[in-house]
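Numbering (the numbering used here), first residue to last: 7 to 241.
Ideal placement from N, C-alpha and C gives every residue a C-beta, glycine not left out.
Structure first, commentary second.
Listed below in structure tokens is the structure:
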């Protein structure tokens, strides 16, 4: 989602939309808005990973939510209840009034429609059923390349051993090496056992930190800074 929206922003740079303004700018498709839409899209998939139809509905709920105004609220696909992520539905459930503050102009939202249509296609969403996103695959590939670097040519035997070790480590952690030694008739020593367990604890702590809110904010800030530097160079 983020990549497609940034590509759209670059393609339509300087072009005037139907409302007489550009795609980007204040209260339009900013970098902050793109980050939010990317986050909402990911949440829509993760929260509904057991059903393609529910994923599609949640994705289009984002589109219509951004299109909604006080005069024309369009929250039919948004989840109901006081715990809903939709402020309109939350206010409706608690009997309070709601004023739309985060909507985007119709021209901006309509420019994004083809992207939402492509990224909500059933064939694409089927690949995300039961939480099957690309991230686990990318993470596994990183484990493989850390053992067998892509830039270095190796024989098939070396590649196979690297992949075997990566699969075991990815699924069961570093302690899997101890099981391999035992299968080979070698009993691991006390220091080997302690070292492998320590590596697995460190791996777990890094994963917990990577998913923490503070870590995500730091990564987003870094991405924004990199994007600003790239945009300055392009200009």
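Distance between beta carbons of residue j and residue i, contact taken as under 8 angstroms
i	j	result
residue 72	residue 110	5 angstroms
residue 11	residue 118	7 angstroms
residue 194	residue 187	5 angstroms
residue 55	residue 174	Incorrect: roughly 26 angstroms between the Cβ atoms, too far for contact.
residue 202	residue 183	6 angstroms
residue 226	residue 41	6 angstroms
Three-state class that DSSP yields for residue i in the structure shown
i	result
residue 169	helix
residue 174	helix
residue 211	helix
residue 189	helix
residue 232	helix
residue 206	helix
residue 46	helix
residue 95	helix
residue 201	helix
residue 241	Because the pLDDT of residue 241 is 48, which lies under 50, any placement of that residue in the model is unreliable, and the number read from its coordinates should be weighed accordingly. In the structure shown, residue 241 sits in coil (DSSP, three-state: anything other than H, G, I, E or B).
What are the complete alpha helix (DSSP H) segments, minimum 4 residues, inside the segment 99–152? 112–125 and 128–132
(message) Under 8 angstroms, with one C-beta from each stretch per pair, do the segment 116–129 and the segment 54–69 reach the 3-pair mark?
(response) yes
### Message
When you compare the segment 78–98 with the segment 144–155, are there three or more beta-carbon pairs, one atom per stretch, that lie closer than 8 angstroms?
### Response
no
- Task: Any chance you could list the alpha helix (DSSP H) runs of at least 4 consecutive residues sitting entirely within the segment 29–90, in chain order?
- Result: 37–53 and 58–73
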